[in-house]
Amino acid sequence: MRRSTAPPDAEVINNFPGLYPTEDWRVYYWEVTEQGDLMDRRVTIQLPKGYADVCREVEIGQPGCIYRVRRWGLACYPSLLERMGFNPTPLLTHDRERFPGGDDQEILHVLIQVTHFDLPGYFIIASQQHPLLLFDPEGVLKGSYTRWRTYMGALAWLVSGGVVNANFELLRTTNRRLYFEAIGYLLNALRQRGAEG
């Protein structure tokens, strides 16, 4: 899994700044650092103006307009752009070297870039214990994601060098004592490796 391209101190994320009218959405999330520390984070993402009108209000645990979360950030549904009448053609460069498939390929690229965001942080997690929350410009919860990696999942990935790629949510809900013991073990292993290297 690749690293986030967002600067660690970024406050506003927009992949096409200044090229179309936008709305400021707030993302609240949790990051696991390379050292295994758990940190709460927040950042503003700029979605096209009108996106809030096609996203319904949700409760925590309902993804709403969030398509998915990955280690480096989050993706909102590009399909909602069509419902709101977003026109990607003014953003086209017609660069055949970058987009040998022509305008159709570039339009797909634009729609993805408009709705997918790298977030500041090393390993973004999103679980029932540490949900990623997305609020529209009015402060209404329009997305929450709880089906990505838990804190233990991120630590296992770090300690194993990316070999173990699981969320461990079932363990957390069925045996919390073992889950937290495992977190302690993984943190010790990670810190020992850091002290040696």
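In this note's numbering, the protein residues as written are 50 to 246. Built from N, CA and C at the ideal position, the CB exists for glycine as well.
Can you tell me which residues form a DSSP beta bridge with residue i?
{"i": "ALA124", "result": "ARG117 and HIS165"}
{"i": "GLU72", "result": "LEU96"}
{"i": "SER176", "result": "Looking at the DSSP assignment, SER176 forms no beta bridge with any residue, so it has no partner."}
{"i": "TRP79", "result": "ASP89 and ILE174"}
{"i": "VAL61", "result": "THR93"}
{"i": "LEU260", "result": "Since the first residue shown for the chain is 50 and the last is 246, residue 260 is missing from the structure and cannot be characterised."}
Taking the alpha carbon of residue i as the reference point, which residue from the options has its own alpha carbon closest?
{"i": "ILE173", "options": "VAL61, TRP206, GLY67 and GLY110", "result": "TRP206"}
{"i": "PRO169", "options": "PRO66, TYR69, ARG91 and GLN84", "result": "ARG91"}
{"i": "ARG198", "options": "GLN177, LYS191, ASP144 and SER209", "result": "GLN177"}
{"i": "THR71", "options": "MET133, GLN111 and ARG147", "result": "MET133"}
{"i": "LEU141", "options": "VAL118, ILE109, GLN154 and VAL61", "result": "GLN154"}
{"i": "ARG105", "options": "ASP89, LEU87, MET88 and CYS125", "result": "CYS125"}
Thinking C-beta only, is residue j closer than 7 Å to residue i?
{"i": "PRO137", "j": "LEU160", "result": "yes"}
{"i": "GLY202", "j": "ILE115", "result": "no"}
{"i": "VAL213", "j": "LEU235", "result": "no"}
{"i": "PRO112", "j": "THR164", "result": "no"}
{"i": "GLN162", "j": "ASN64", "result": "yes"}
{"i": "PRO186", "j": "ASP73", "result": "yes"}
{"i": "VAL76", "j": "ILE94", "result": "yes"}
{"i": "PRO97", "j": "TYR69", "result": "yes"}
Compute the beta-carbon to beta-carbon distance between residue i and residue j, rounded to the nearest angstrom, for a pair I have assumed lies under 8 Å.
{"i": "ALA244", "j": "ASP167", "result": "About 30 Å separates the two Cβ atoms, so there is no contact after all."}
{"i": "LEU181", "j": "TYR194", "result": "4 Å"}
{"i": "GLY85", "j": "LEU227", "result": "Actually they do not touch by this definition, with Cβ atoms about 18 Å apart."}
{"i": "ARG196", "j": "TRP121", "result": "Between TRP121 and ARG196 the Cβ distance is about 16 Å, and since that is not below 8 Å, they are no contact."}
Nearest chain B C-beta to residue i closer than 7 Å, yes or no?
{"i": "ASN214", "result": "No chain B appears in the structure shown, which is made up of a single protein chain."}
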